[in-house]
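Numbering (UniProt numbering), first residue to last: 1 to 386. Beta carbons are placed, not taken as given, at the ideal position from N, Cα and C, and that holds for glycine. Okay, structure first, notes after.
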């Protein structure tokens, strides 16, 4: 192993947690990572992206080696705000060990994955192959000037990869019991139904938009598909119906429907938007005007091909935990959706029930175990001496 802290995942994780890198504030966390990676032979490039309606974001790309197979590790150093400090046992940005656990904001999501992979990379020969790391400080919020642009930059620099691992918490109940081979997409939308405002006593002089709004909600409440081999059925959830009418004697002028669809690999944002428009068109508008617009940037679904590298990762996990992982596509979205546009990617990390909560923590034994899983995978992936 190399000298601390790069080769010691616990010490490196503490150093990372100590940086209050709430999106998009970098707060020195990339400096910590740059020093650790530089100490084990990585060439580090710092990149700041901005624009497109979002705040500037600091990112880091590191590479070691220039031949052989090419592995990409990806993750994020930004964290969500700690919330009410009174709900924490101690300062969320002062890492604390107690009862075999390490506490601090970002310990689970996902500075632990970064610490484990850096430590694993420190333990294998620098000439084993090419290892790359793509780290953003904006995954938890807009995700506009982060991994999406970082991967486009890497592609332009010819930094191709054979396989990628995102270190997000992916285990369900025990370390290594699950890896994510894909994720559902997410599409949010707003439907506005506009009529004519008027007095409730004179409905003939108005056009109440609410019956049309109700018919559209009913039309959306239907099966979208039956699921696929690796994904459950897509589902649409209406999250808000708003009129903004506080009185009972006025017919409102308009109403809005907000919804989100989590969808499988049968769909793209474009085809799903067309499905929504067809459902809207299927009901009687009764003279009301209806508009539909996307809310935010949709996340595309992806499914990585099951391959020898996925099997190798399963072998590595089994060698450490004694169990082979299940393949999952559950949960929300992650930055893996951006990486999947350039090559095969999976998510493999710790158990994450405490992420985003007060007193966020991990088991130190799991951090050590994840480091060993990554190391066992690197040995097999690059076919180096264990």
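Chain-order list of residues whose beta-carbon lies under 6 Å from that of residue i (same chain, five-residue window excluded)
| i | result |
| --- | --- |
| residue 375 | 120 and 123 |
| residue 45 | 61 |
| residue 385 | none |
| residue 3 | The pLDDT assigned to residue 3 is 42, lower than 50, so where the model puts this residue is not dependable; a value taken from the coordinates is nonetheless given after this. Correct list: empty, nothing qualifies. |
| residue 1 | At residue 1, the pLDDT of 35 sits below 50, so the modelled position is not reliable; the number obtained from the coordinates is stated separately. Closer than 6 Å at the Cβ level, and outside the excluded window around residue 1, lie 7 and 123. |
| residue 372 | 320 |
| residue 37 | 44 and 62 |
| residue 133 | 62 and 73 |
| residue 390 | There is simply no residue 390 to check, as the chain begins at 1 and stops at 386 in what is shown. |
| residue 348 | 165, 170 and 179 |
| residue 129 | 65, 68, 69 and 382 |
| residue 39 | 6 |
| residue 141 | 23 |
Beta carbon of residue i nearer than 8 Å to that of residue j
| i | j | result |
| --- | --- | --- |
| residue 343 | residue 152 | no |
| residue 313 | residue 345 | no |
| residue 190 | residue 293 | yes |
| residue 219 | residue 283 | yes |
| residue 315 | residue 380 | yes |
| residue 266 | residue 225 | yes |
| residue 181 | residue 297 | no |
| residue 42 | residue 11 | no |
| residue 58 | residue 26 | yes |
| residue 54 | residue 145 | yes |
| residue 9 | residue 367 | yes |
Pick from the options that is closest to residue i, judged by C-alpha positions
| i | options | result |
| --- | --- | --- |
| residue 24 | 64, 65, 79 and 176 | 79 |
| residue 351 | 168, 138, 241 and 287 | 168 |
| residue 249 | 266, 208, 241 and 280 | 208 |
| residue 369 | 381, 329, 337 and 317 | 317 |
| residue 131 | 341, 66, 76 and 258 | 66 |
| residue 261 | 281, 280, 255 and 238 | 238 |
| residue 200 | 257, 13, 108 and 210 | 210 |
| residue 383 | 127, 281, 185 and 39 | 127 |
| residue 233 | 98, 183, 217 and 205 | 183 |
| residue 56 | 69, 5, 104 and 138 | 138 |
| residue 213 | 224, 230, 242 and 236 | 242 |
| residue 92 | 194, 21, 333 and 267 | 21 |
| residue 365 | 17, 99 and 5 | 99 |
| residue 281 | 235, 331, 227 and 215 | 215 |
| residue 377 | 247, 269, 34 and 308 | 308 |
| residue 19 | 187, 302, 111 and 258 | 111 |
| residue 303 | 291, 42 and 264 | 264 |
| residue 301 | 331, 192 and 291 | 331 |
| residue 115 | 33, 140 and 295 | 33 |
| residue 185 | 88, 270 and 240 | 270 |
| residue 258 | 240, 204 and 198 | 240 |
| residue 172 | 327, 278 and 356 | 327 |
| residue 356 | 198, 96, 245 and 81 | 81 |
| residue 310 | 125, 227, 223 and 162 | 162 |
| residue 399 | 142, 97, 17 and 285 | A query on residue 399 cannot be resolved here, the shown segment of the chain reaching from 1 to 386 and no further. |
| residue 223 | 276, 156 and 143 | 276 |
| residue 202 | 86, 251 and 140 | 251 |
Cβ-Cβ separation, residue j to residue i (assumed contact under 8 Å), whole Å
| i | j | result |
| --- | --- | --- |
| residue 77 | residue 30 | 6 Å |
| residue 107 | residue 13 | 7 Å |
| residue 329 | residue 299 | About 13 Å separates the two Cβ atoms, so there is no contact after all. |
| residue 75 | residue 113 | 5 Å |
| residue 358 | residue 88 | 5 Å |
| residue 295 | residue 194 | With 8 Å as the limit, residue 295 and residue 194 do not qualify as a contact, their Cβ atoms being about 18 Å apart. |
| residue 192 | residue 268 | Not a contact, Cβ separation roughly 24 Å. |
7 Å Cβ shell around residue i - same chain, five flanking residues per side excluded
| i | result |
| --- | --- |
| residue 176 | 317, 320, 321, 323, 325 and 373 |
| residue 149 | 49 |
| residue 287 | 207 |
| residue 118 | 6, 12, 36 and 37 |
| residue 154 | 61 and 134 |
| residue 28 | 19 |
Other residues of its chain near residue i: CB distance less than 8 Å, five sequence neighbours each side excluded
| i | result |
| --- | --- |
| residue 361 | 101, 102, 103, 104, 107, 108 and 354 |
| residue 160 | 70, 342 and 343 |
| residue 217 | 238, 241 and 257 |
| residue 16 | 29, 32, 33, 77, 106, 111, 114 and 115 |
beta-carbon residue i near the ligand HEM non-hydrogen atom, thresh 7 Å
| i | result |
| --- | --- |
| residue 380 | This structure simply doesn't include the ligand HEM, nor any ligand for that matter. |
Length at least 4, wholly inside the segment 89-129: the alpha helix (DSSP H) runs in chain order: 112-122
Taking only runs of the alpha helix (DSSP H) that begin and end inside the segment 8-53, which ones reach a length of at least 4 residues, in chain order? 9-17 and 29-38
Minimum length 3: unbroken beta strand (DSSP E) runs contained in the segment 273-299: 289-294
Length-filtered (4 minimum) alpha helix (DSSP H) runs lying within the segment 142-185: 147-156
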